[in-house]
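Residue numbers (our numbering), protein chains in the order written: chain A, 1 to 181; chain R, 1 to 181.
Just so you know, even glycine gets a beta-carbon here, dropped at the ideal spot from N, CA and C.
What you are looking at is a predicted structure, and each value in this text was computed from that prediction instead of being measured.
There are 2 protein chains.
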Amino acid sequence: MARYQAGIRTEGRIVDSTRELLSEVGLEGTTLKAICERAGVRVGSFYNLFDSKESVVLRLVGEAIAAVDPDPAHLGTETVEDLVEAYISFVTKNPTMARIYVQIAVTGALTHGELHHRIQRHHEQRLERFRDAKMRAEPDLDVATATECAEVLLASLSGLAFRAALDEEFDFATHVRAVPR
Amino acid sequence: MARYQAGIRTEGRIVDSTRELLSEVGLEGTTLKAICERAGVRVGSFYNLFDSKESVVLRLVGEAIAAVDPDPAHLGTETVEDLVEAYISFVTKNPTMARIYVQIAVTGALTHGELHHRIQRHHEQRLERFRDAKMRAEPDLDVATATECAEVLLASLSGLAFRAALDEEFDFATHVRAVPR
DNA sequence: CTCAAATTTGATTGTACACTCTAATTTGAG
DNA sequence: CTCAAATTAGAGTGTACAATCAAATTTGAG
Numbered sequence: 001m002a003r004y005q006a007g008i009r010t011e012g013r014i015v016d017s018t019r020e021l022l023s024e025v026g027l028e029g030t031t032l033k034a035i036c037e038r039a040g041v042r043v044g045s046f047y048n049l050f051d052s053k054e055s056v057v058l059r060l061v062g063e064a065i066a067a068v069d070p071d072p073a074h075l076g077t078e079t080v081e082d083l084v085e086a087y088i089s090f091v092t093k094n095p096t097m098a099r100i101y102v103q104i105a106v107t108g109a110l111t112h113g114e115l116h117h118r119i120q121r122h123h124e125q126r127l128e129r130f131r132d133a134k135m136r137a138e139p140d141l142d143v144a145t146a147t148e149c150a151e152v153l154l155a156s157l158s159g160l161a162f163r164a165a166l167d168e169e170f171d172f173a174t175h176v177r178a179v180p181r
Numbered sequence: 001m002a003r004y005q006a007g008i009r010t011e012g013r014i015v016d017s018t019r020e021l022l023s024e025v026g027l028e029g030t031t032l033k034a035i036c037e038r039a040g041v042r043v044g045s046f047y048n049l050f051d052s053k054e055s056v057v058l059r060l061v062g063e064a065i066a067a068v069d070p071d072p073a074h075l076g077t078e079t080v081e082d083l084v085e086a087y088i089s090f091v092t093k094n095p096t097m098a099r100i101y102v103q104i105a106v107t108g109a110l111t112h113g114e115l116h117h118r119i120q121r122h123h124e125q126r127l128e129r130f131r132d133a134k135m136r137a138e139p140d141l142d143v144a145t146a147t148e149c150a151e152v153l154l155a156s157l158s159g160l161a162f163r164a165a166l167d168e169e170f171d172f173a174t175h176v177r178a179v180p181r
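Now the structure itself:
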């Protein structure tokens, strides 16, 4: 069972090259051959470490999802502003990951069932956090209205993130801060 | 040169089956084989009528783009509400086309250059129309602010359209009407 | 140093894809 | 009815893909 250093390093290189490729050429361009070439590894070595190409991609999706949300420890005290600012810093400081998320959300979710569920579940969680933050700020609001607000705000954010993913010039932060809430 | 009826009918069947496939299984699942099978046509017949698979897809993109916008004849008098309502009725009455647009916007734009330009150009045109409508309603607004508003509103709409494309249950119209402007 | 286990290699398989080509068939204008 | 042009059929090409496998090599604990 005991793993060797060589194998661990190889695994890291494979994950790194997959991440780079996903952000540079999308899911479509991230082929097994491309991953292996960039990692300086033969195909056989890849399959010694991973069950399938999908398993690496799925790991990266998890990474991206984890990076979207701010410190879960603060759950229960965060404001809508906190969540919005966290999203801004995610997209601007981590454009690679943001791109991966947007790309996989669409290219993956519509066809591959596994990714679809993962993205859907993540959206619901985010919706709840935004709604709770909203209700913390305005306790008189009923749940339905708060959920409505959260849904629209989230849609604006993802719409703008989508735009940022397609157009490098797009000033994401400024536009997000202009979103009415 | 004179075309025969048989060829014209075949062409129609191919376009129809491509449209159906795009909305059902996305760009990825819309293979030449699938198109031909559904159209009840052999591969050779396809290439007698079209240069490539891409050319049919591109025609469908044009169709989708044309369907997104309301009657261009009214250009110059339409209000922001008109544009928003037109978008709502496009997405709700024509979910197939909406799906095609969203899917192609992302899956296509990031990799295939041709589609990328087309989608980008369309977005800019839409942005201008929303901005002009906004300025017509509030003549005191400076161009930058109006553009800003239009950009955010459009992002909200596309974010919600994206959501609707992923989740059949999603009540698009209600959410769009809840978007602050 | 030894040796079993971990890792690497590279040739190989099988499948799906867009697209081509030639010959047979069908169409419809004159 | 004729026949050139349009259409269709369907086998075939080439390429890219994910994944497999047995054999060679490397690792590192004892």
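| request: Using a threshold of 8 Å, state whether the C-beta atoms of Ala98(A) and Val152(R) are closer than that. | output: If you number the first sequence from 1, residue 98(A) lands on position 98. If you number the second sequence from 1, residue 152(R) lands on position 152. Inclusion of Ala98(A) and Val152(R) in the CB contact set at 8 Å is not warranted, their separation being larger than that value.
| said: Considering only the alpha carbon of each residue, which of Gly12(A), Asp82(A), Thr107(A) and Thr147(A) lies closest to Met135(A)? | reply: Counted from its first residue, the first sequence places residue 135(A) at position 135. For Met135(A), the nearest C-alpha among the options comes from Thr147(A).
| For chain R, is any of its Cβ atoms less than 8 Å away from the one on Pro180(A)? | Taking the first sequence and counting its residues from 1, the one referred to as residue 180(A) is at position 180. Judged by the 8 Å Cβ criterion, Pro180(A) is in contact with chain R.
| query | Is DSSP giving Thr92(R) helix, strand or coil here? | reply | Here the question's residue 92(R) lines up with position 92 in the second sequence. Thr92(R): helix per DSSP, three-state reduction.
| Applying the criterion that 16 or more other CB atoms from any shown protein chain within 10 Å of the CB defines a buried residue, is Thr77(A) buried or exposed? | One-based indexing of the first sequence puts residue 77(A) at position 77. Counting Cβ neighbours within 10 Å, Thr77(A) comes out exposed, since fewer than 16 surround it.
| message | Quick check on Ala137(A): does DSSP put it in helix, strand or coil? | response | The count along the first sequence starts at 1 and reaches residue 137(A) at position 137. In this structure, Ala137(A) counts as helix in the three-state DSSP scheme.
| task | Pull up the distance between the alpha-carbon of Glu54(A) and that of Asp167(R), whole angstroms please. | result | Here the question's residue 54(A) lines up with position 54 in the first sequence. Here the question's residue 167(R) lines up with position 167 in the second sequence. A straight line joining the alpha-carbon of Glu54(A) with that of Asp167(R) spans about 23 Å.
| request: Say whether chain R places a C-beta atom closer than 8 Å to the C-beta of Ser158(A). | output: On the first sequence, residue 158(A) is found 158 positions in, with the first residue counted as 1. Yes - at least one Cβ of chain R is within 8 Å of the one on Ser158(A).
| said: Report the start-end ranges of each alpha helix (DSSP H) in the region 49-124 of chain R that is 4 residues or longer and not cut off at the edges. | reply: Those alpha helix (DSSP H) runs which fall completely within the region 49-124 of chain R and span 4+ residues are 53-68, 80-93 and 95-103.
| said: Buried or exposed for Ile87(R), going by 16 or more other Cβ atoms inside 10 Å? | reply: Taking the second sequence and counting its residues from 1, the one referred to as residue 87(R) is at position 87. Looking at the sequence provided, one finds Tyr at residue 87(R) rather than Ile. Buried, since its Cβ has 16 or more Cβ neighbours within 10 Å.
| said: Using CA atoms only, rank isn't needed, just tell me which of Ser45(R), Gly40(R) and Val56(R) is closest to Thr30(R). | reply: On the second sequence, residue 30(R) is found 30 positions in, with the first residue counted as 1. The residue among Ser45(R), Gly40(R) and Val56(R) with its C-alpha nearest the C-alpha of Thr30(R) is Val56(R).
| field | Residue-level contact to chain R via CB, His184(A), 8 Å cutoff | value | What the structure shows of chain A is the stretch from 1 to 181, and residue 184(A) is not part of that stretch, so it cannot be assessed.
| request: Starting from the C-beta of Arg19(A), find all residues in its chain whose C-beta is less than 6 Å away, skip the five residues before and the five after it, and write them out in chain order. | output: Along the first sequence, read from residue 1 onward, the residue named residue 19(A) stands at position 19. For Arg19(A), where only same-chain residues beyond five positions count, the Cβ hits under 6 Å are Leu60.
| Expressed to the nearest angstrom, what Euclidean distance is found between the alpha-carbon atoms of His116(R) and Ala155(A)? | The residue you call residue 116(R) lines up with position 116 of the second sequence. The residue you call residue 155(A) lines up with position 155 of the first sequence. Using only the alpha carbons, I get a separation of about 22 Å.
| request: Can you tell me the Cβ-Cβ gap for Ala133(A) and Leu83(A), rounded? I've got them flagged as a contact below 8 Å. | output: Here residue 133(A) refers to the residue found at position 133 of the first sequence. Here residue 83(A) refers to the residue found at position 83 of the first sequence. At roughly 6 Å, the Cβ-Cβ gap stays under 8 Å, so Ala133(A) and Leu83(A) are in contact.
| Cβ pair Cys36(A), Val43(A) closer than 8 Å | Position 36 of the first sequence, counted from the first residue, corresponds to residue 36(A). Position 43 of the first sequence, counted from the first residue, corresponds to residue 43(A). Yes.
| task | Please report how far the alpha carbon of Gly62(R) lies from the alpha carbon of Phe50(R), in whole angstroms. | result | Taking the second sequence and counting its residues from 1, the one referred to as residue 62(R) is at position 62. Taking the second sequence and counting its residues from 1, the one referred to as residue 50(R) is at position 50. Looking at the two C-alpha atoms, the distance is approximately 16 Å.
| Option nearest Ala105(R) by Cα separation, candidates Arg9(R), Gly12(R) and Ser23(R) | Numbered from 1 along the second sequence, position 105 holds the residue referred to as residue 105(R). Comparing alpha-carbon positions, the option among Arg9(R), Gly12(R) and Ser23(R) lying closest to Ala105(R) turns out to be Ser23(R).
| task | Please determine, among Arg126(A), Arg9(A) and Pro72(A), the residue with the shortest C-alpha to C-alpha distance to Ser158(A). | result | Residue 158(A) sits at position 158 when you count from the first residue of the first sequence. Ranking the options by Cα distance to Ser158(A), first place goes to Arg126(A).
| CA nearest to the CA of Leu75(A), picked from Phe130(A), Glu169(A), Val143(A) and Val176(A) | Here residue 75(A) refers to the residue found at position 75 of the first sequence. Residue Phe130(A) is the option with its Cα nearest to Leu75(A).
| In whole angstroms, what is the alpha-carbon distance linking Asp142(R) and Phe172(R)? | Position 142 of the second sequence, counting from 1, holds the residue named residue 142(R). Position 172 of the second sequence, counting from 1, holds the residue named residue 172(R). Taking the straight line from one Cα to the other gives about 31 Å.
| field | Gly44(A) - DSSP class collapsed to helix/strand/coil | value | If you number the first sequence from 1, residue 44(A) lands on position 44. DSSP, reduced to helix, strand and coil, places Gly44(A) within a helical segment of the structure shown.
| message | Just checking: is the beta-carbon of Glu224(R) within a distance shorter than 8 Å of some beta-carbon in chain A? | response | Outside the displayed range of chain R (1 to 181) lies residue 224(R), so it cannot be described from this structure.
| For Thr174(R), the three-state DSSP class (helix, strand or coil) | Position 174 of the second sequence, counted from the first residue, corresponds to residue 174(R). Looking at Thr174(R) - three-state DSSP - the assignment turns out to be helix.
| said: Taking the beta carbon of Glu114(A) as the centre, do at least 16 other beta carbons fall within 10 Å, making it buried, or is it exposed? | reply: As a working note, residue 114(A) is residue 114 in the first sequence. It counts as exposed.
| query | Any idea what DSSP makes of Asp167(R), helix, strand or coil? | reply | As a position in the second sequence, residue 167(R) is number 167, starting the count at 1. In the three-state DSSP reduction, Asp167(R) falls in the coil class, being neither helix nor strand.
| query | The alpha helix (DSSP H) spanning Arg19(R) covers which residue range? | reply | Taking the first residue of the second sequence as position 1, residue 19(R) is located at position 19. Residues Gln5 to Gly29.
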